Amino acid sequence: MANPSKIIEGGVEFSIGRFNGTEMFYDFDKILIYLDAKGKLLFGVDFQIHKDDEEVILKLCNYIVKDVESCKKHGIDPNKNILLTGPVGCGKTSLMKLIQYIVPFQRTYDIIPSRNIVFAFNHIGYKIIEDYGNGGNFCFDDLGIEPIGRHYGQDCNVMGEILVSRYELYLKNKCKTHATTNLNAAELEEKYGNRVRSRMRKMFNLIAFDINTKDKRK
Ligand SMILES: Nc1ncnc2c1ncn2[C@@H]1O[C@H](COP(=O)(O)OP(=O)(O)OP(=O)(O)O)[C@@H](O)[C@H]1O
Ligand SMILES: [Mg+2]
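Under my numbering, think of the first position of the sequence shown as 104, with each following residue one higher.
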């Protein structure tokens, strides 16, 4: 394997830590410099790492690089998935996209808007629940605010069903299921019921932006 401590972007080499040939020692300050640069490339020159977001970013980074000790310190279980919560526009979707670049050698996950899955269900039907419930690595974006699915006159809580299926994958230690949401635990329970909520509690690490985090679209 190539040296995982070095990442080249647009001809510039970034170091995100130290690699001794077998083990990788990540350096969070260096990771932030890299993420700032990569974020600008992906999302535009206005992107910057905000001081107030660093705690959330640290947790996400510890998780994604599987730093067991640091995860433990922050109450994160590396075997569970990530549920990233926070107010509208705080940067959830961007971060879930960005952190994958720290670990280019890992299998990635696709970030899919939950509402798109429901639209596909309305069109195609229950096959969609199998497609997203039975495999693959996904980050379900904007979970909880998608409409109820309706296929040939039959209503279905599409993402609720998919989450129940994906809980089984989690139990088998197969496939990643991350999600972002604006909703809190009570609102998620209202949307999906306690059967799903209970599974969500088991399969996700909750990483939360402060509720006062500013909307970066403004
Ligand atoms: N750190 C940042 N610095 C500057 N702009 C940012 C930053 N993070 C995100 N943005 C920009 O702010 C906007 C909102 O970001 P993003 O979509 O990631 O937020 P979100 O939390 O997923 O929002 P929503 O709750 O609506 O899904 C985007 O245009 C994005 O490019
Ligand atoms: Mg989003």
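No residue lacks a Cβ here, since even glycine has one placed at the ideal position from N, Cα and C. Since the structure is predicted, the reported quantities are computational estimates derived from the model, not experimental observations.
- For residue 118, the enclosing beta strand (DSSP E) covers residues 115–118.
- Taking the C-beta atoms as reference points, residue 112 is found nearer than 8 Å to residue 144.
- In the three-state reduction of the DSSP assignment, residue 312 falls in the coil class, being assigned neither a helical nor a strand state.
- At the C-beta level, residue 242 and residue 282 come within 8 Å of one another.
- Our two residues, residue 174 and residue 296, have alpha carbons roughly 29 Å apart in a direct line.
- The alpha helix (DSSP H) runs lying completely inside the segment 247–281 and spanning 4 residues or more are 261–274, given in chain order.
- Here residue 276 is exposed: its Cβ has fewer than 16 other Cβ atoms, across all protein chains shown, within 10 Å.
- Around the Cβ of residue 187, a 10 Å sphere holds 16 or more other Cβ atoms; the residue is buried.
- Short of 8 Å from the beta carbon of residue 150, and not among the five residues preceding or following it, lie these beta carbons of its own chain, in chain order: 139, 142, 143, 197.
- Per DSSP, the unbroken beta strand (DSSP E) holding residue 188 starts and ends at 184–188.
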